[in-house]
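These notes concern the structure reproduced below.
In UniProt numbering, the protein residues as written are 1 to 234.
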C-alpha cells in the first residue's frame, strides 16, 4: 500500500532553526541570575523528552519561572504563571524576528514543490505552538505547500492521527519525516512510516524502528517518492 500523505517536522527537518531557538532560549533566561542553571533542570528539548513528557515553550518558561521565584531572583509580586507567560512572550517575539532568516535544510523547498506538483498532501507536525508555527510558515511563503500546520498543544501522535482522519487514510499510508526521537516515537505509536533526519553526521539517536535515515531533503525526496510510488526526476 503506497504512502498518500507526507508529514514533516519543522525545526532541523525543513529549516535549520533549532540552534536559533536554543540560543534565543538561553538569551532570555540568562537575563536572570542563575537562569541558565535553572534551565538545566528543566526539560527543554522536545526532540529527546522522556515518553509522556510534553515539552513546549509554554512548559519550559513556566518551569523556569517557578525555579527563579523559588530562588528569590525575581519579585514575588508577579505570580509564577504570569512571569512565565511574559518570558514566553519575549521569546516568541524574538523568534518572530529571527526565524524567517533561518536557512532551509538543503532540498526542502524543492521537495515541497515536487510534492505539490504530484498532488501529494503535505502537513507540518511540530511541537511548536500551532499558531506560531502557522505564522512562521506564512512568513516563509510556504503556506501553499501544506494542507495544515499542526502543533502544540496537541501531541505529535495525535497530529498524525488527525492527518490520517482528514485524508481518510490508514497509518500505513502516512509517512512522518523528522529529526527528533519524539518524531520517531510518535510515528511508531501511530503505526506509520518514519524517515529520520540526521544532520551533519550526528549519531543516530532514534529509539524506535526507522524506515530510512537521510541527511537532508535531497535524500529524503528519493525515499519519499519511493514510498509514494510516483516517478519524479531529481
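For each residue, glycine too, the CB sits at the ideal point set by N, CA and C.
Computed from a predicted model, the values in this text were never measured in an experiment.
Cross-strand partners of residue i (DSSP beta bridge)
i, result
"residue 55", "The partner list for residue 55 (beta bridge, DSSP) is empty, contrary to what the question assumes."
"residue 194", "176"
"residue 213", "196"
"residue 104", "15"
"residue 150", "125"
"residue 62", "DSSP, once it has assigned bridges, lists no residue as partnering residue 62."
"residue 306", "Coverage of the chain is limited to positions 1 through 234, which leaves residue 306 absent and any answer about it impossible."
CA nearest to the CA of residue i, picked from the options
i, options, result
"residue 32", "61, 56 and 115", "61"
"residue 28", "95, 121, 171 and 7", "95"
"residue 289", "196, 225 and 211", "Outside the modelled stretch of the chain, which goes from 1 to 234, sits residue 289, for which no answer is possible."
"residue 90", "123, 158 and 30", "30"
"residue 92", "45, 4 and 136", "136"
"residue 34", "58, 122 and 64", "64"
"residue 209", "176, 134 and 44", "176"
"residue 88", "129, 205 and 4", "129"
"residue 154", "138, 133 and 173", "133"
"residue 99", "40, 70, 71 and 138", "138"
"residue 203", "7, 122, 179 and 13", "179"
Residue environment, residue i, which counts as buried when at least 16 other CB atoms sit within 10 Å
i, result
"residue 217", "buried"
"residue 82", "exposed"
"residue 234", "At residue 234, the pLDDT of 43 sits below 50, so the modelled position is not reliable; the number obtained from the coordinates is stated separately. Looking at its Cβ environment, which holds fewer than 16 other Cβ atoms inside 10 Å, residue 234 is exposed."
"residue 55", "buried"
"residue 190", "buried"
"residue 9", "buried"
"residue 26", "exposed"
"residue 79", "exposed"
"residue 53", "exposed"
"residue 73", "exposed"
"residue 125", "buried"
"residue 76", "exposed"
"residue 57", "buried"
"residue 141", "exposed"
"residue 151", "buried"
"residue 207", "exposed"
"residue 59", "buried"
"residue 68", "buried"
"residue 226", "exposed"
Cβ distance (whole Å) where residue i is taken to contact residue j below 8 Å
i, j, result
"residue 181", "residue 47", "6 Å"
"residue 198", "residue 215", "6 Å"
"residue 127", "residue 156", "7 Å"
"residue 193", "residue 211", "5 Å"
"residue 173", "residue 3", "6 Å"
"residue 120", "residue 15", "That belief does not hold up - the Cβ atoms of residue 120 and residue 15 are roughly 20 Å apart, past 8 Å."
"residue 107", "residue 17", "16 Å between Cβ atoms; not a contact."
Beta carbon proximity, residue i to chain B, threshold 8 Å
i, result
"residue 92", "The structure shown contains no chain B; it is built from a single protein chain."
| Three-pair Cβ contact test at 8 Å for the region 179 to 186 versus the region 161 to 169 | no
| task | Say whether the region 137 to 150 touches the region 111 to 128, bearing in mind that this needs 3 or more beta-carbon pairs closer than 8 Å, one atom from each stretch. | result | yes
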